[in-house]
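Here is the structure we will look at.
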Amino acid sequence: MSPPAAPAPSLDLREDVQRELVLATRRYWAGPLYRRVVAGARRVGPVSGPDELERALARMPAYQAFGWLEQHLQTFKYTGPGGLMPAAERQRQVIEAMLAASEGRHPERLVLDPAMRLPDYYRDTDFHLVPGGIHSRSWDGVVYEWAAGTATMMQNESTDVHDSLARYLATVTPGRRILDVGCGFGPTVRALARALPEATVTGCDLSAPVLRLAHHRALAEALTLRFVQANGEDLGPFPDRSVDLVTATMFIHELPPPALRAMLRAARRVLRPGGRLVVLDFYLVPGGTLGRFFHLGHARRNGEPFMPALLELDLPAELRAAGFSAPQISPYPPGQPLDRLPESWRLPWTLIEAEALGGSDAA
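Positions in the sequence shown are counted from 1; adding 231 to them yields my numbering.
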């Protein structure tokens with residue numbers, strides 16, 4: 232007989248009320264308020280770029296409210312009286328017991344490195360405005376998962392992006408050895424395992440707390456997945472030419488350019504010749520100058536210091552320099568227009584694909 236499942240953390244009524252308040256306000260922010268700012272920006276007339284537009288709108292009440300809400304709803308979500316971080320801290324013992332129980336099951340599927348040295352940019356940046364990041368506290372993975380759930384509800388998407396990507400990859404994957412870089416708490420690897428049940432799927436990440444939660448979630452779904460603590464800049468634990476597909480979802484916009492270039496080289500190293508790299512991130516921004524204005528403002532107000540640099544990179548050239556061929560970059564889902572803004576604000580999903588060169592052709 233299997234041992235009883237450990238208690239799972241949950242949000243109480245006060246915390247649920249705060250999350251619902253954040254969600255409702257964010258929907259107003261991303262819809263009606265966003266459209267008021269768009270209308271005001273279009274009355275400004277031609278500008279040289281996002282910086283000039285920022286100066287022109289600085290005194291516009293709707294834009295002031297938009298910017299304030301974008302930043303402060305994020306911090307309130309994490310640290311308000313019923314925020315996600317106080318909720319996790321209150322249930323720290325429950326979370327630690329839950330994760331420890333899972334670590335005792337199939338420990339060979341969770342490989343942590345206590346000596347892992349975190350890169351300075353990662354250790355010193357509070358991505359998404361999470362105080363202290365998501366790499367040091369036992370409950371960081373749970374907070375990250377809760378926060379991602381709120382973001383997904385705000386987008387109000389009919390199809391989960393991880394599942395839709397996995398279904399697409401099931402039609403084009405050249406082989407069955409898959410490595411997901413920057414896997415977080417594992418939504419993409421679990422989706423891949425469901426879509427490709429015969430595949431061997433591994434996820435890697437810098438953060439031990441999120442990997443512990445990823446392992447727990449995989450066991451809860453009876454999925455055979457492996458999680459390894461590793462730096463995406465070198466993918467040290469993974470041998471040359473050992474995988475058929477490397478994926479990365481919502482990861483490269485959090486890398487400074489030198490780290491991104493190193494990650495691309497590492498991905499090429501572990502891929503067999505002809506293997507594929509598939510990245511889902513934010514790169515093709517619709518709506519011209521006005522679209523970039525909103526995107527760069529989001530980066531500034533939401534703890535995304537490397538997002539602007541990604542927009543400036545010539546990704547096809549970077550991919551070729553790292554040893555890839557036939558780069559393809561397109562809006563995701565397919566058919567999203569680039570010549571106009573969306574009706575409600577959202578991040579610009581972009582699918583980035585390339586093939587690993589082989590033999591003497593490799594860079």
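Even glycine gets a Cβ: it sits at the ideal position worked out from N, Cα and C.
Applying the criterion that 16 or more other CB atoms from any shown protein chain within 10 Å of the CB defines a buried residue, is Q559 buried or exposed?
-> Burial call: exposed.
Output the distance between the C-alpha atoms of G311 and R531, rounded to the nearest integer angstrom.
-> A direct Cα-to-Cα measurement between G311 and R531 gives close to 21 Å.
Mind checking whether the beta-carbon of E452 lies closer than 7 Å to any heavy atom of the ligand GTP?
-> No copy of the ligand GTP appears in this structure; indeed no ligand is present at all.
How long is the line joining the alpha carbons of H359 and G534, rounded to whole angstroms?
-> 5 Å
Assign T581 to one of two classes, buried (16 or more other C-beta atoms within 10 Å of its C-beta) or exposed (fewer than that).
-> Buried, since its Cβ has 16 or more Cβ neighbours within 10 Å.
Which stretch, first to last residue, makes up the beta strand (DSSP E) that contains A585?
-> 580-587
Could you spell out the range, first to last residue, of the alpha helix (DSSP H) harbouring F297?
-> 292-310
Compute the beta-carbon to beta-carbon distance between L423 and A430, rounded to the nearest angstrom, for a pair I have assumed lies under 8 Å.
-> 7 Å
Starting from the N-terminal side, write out each stretch of the beta strand (DSSP E) that is 3 residues or longer and does not extend beyond the segment 362-428.
-> 408-412
D282, enclosing alpha helix (DSSP H) - first and last residue | Following the DSSP letters along the chain, one finds D282 inside the alpha helix (DSSP H) bounded by residues 281-288.
Near G413, what residues of its chain come up, given a Cβ to Cβ distance below 7 Å and the 5 sequence neighbours on each side ignored?
-> The beta carbon of G413 sits closer than 7 Å to the beta carbons of D436, G463, A479, F482 from its chain, once the five residues preceding and following it are set aside; these are given in chain order.
Helix, strand or coil for L437 per DSSP?
-> coil
When you compare only the Cα positions, how much space is there between L252 and G380?
-> 14 Å
Whether L588 touches F537 by CB criterion (8 Å) = No; because the gap between Cβ atoms is not below 8 Å, this pair is not in contact.
Where L450 sits in the DSSP three-state scheme | helix
Between A272 and R266, what straight-line distance do the alpha-carbon atoms span, to the nearest angstrom?
-> 10 Å
Coarse secondary structure for F524, derived from DSSP in three states = The answer is helix: DSSP assigns F524 an H, G or I state.
Compare the beta carbon distance of L315 and Y309 with 8 Å and say whether it is the shorter of the two.
-> yes
Consult DSSP for R274 and reduce its assignment to one of helix, strand or coil.
-> coil
Could you tell me which uninterrupted alpha helix (DSSP H) segments, each at least 4 residues in length, are contained entirely in the segment 489-570, listed from first to last along the chain?
-> The segment 489-570 contains these whole alpha helix (DSSP H) runs: 519-532, 538-543, 546-552.
Evaluate S333 with the Cβ neighbour count: other Cβ atoms within 10 Å of its Cβ, from every protein chain shown; 16 or more gives buried, anything less gives exposed.
-> buried
Quick one: Cα of L541 to Cα of A497, how far?
-> 18 Å
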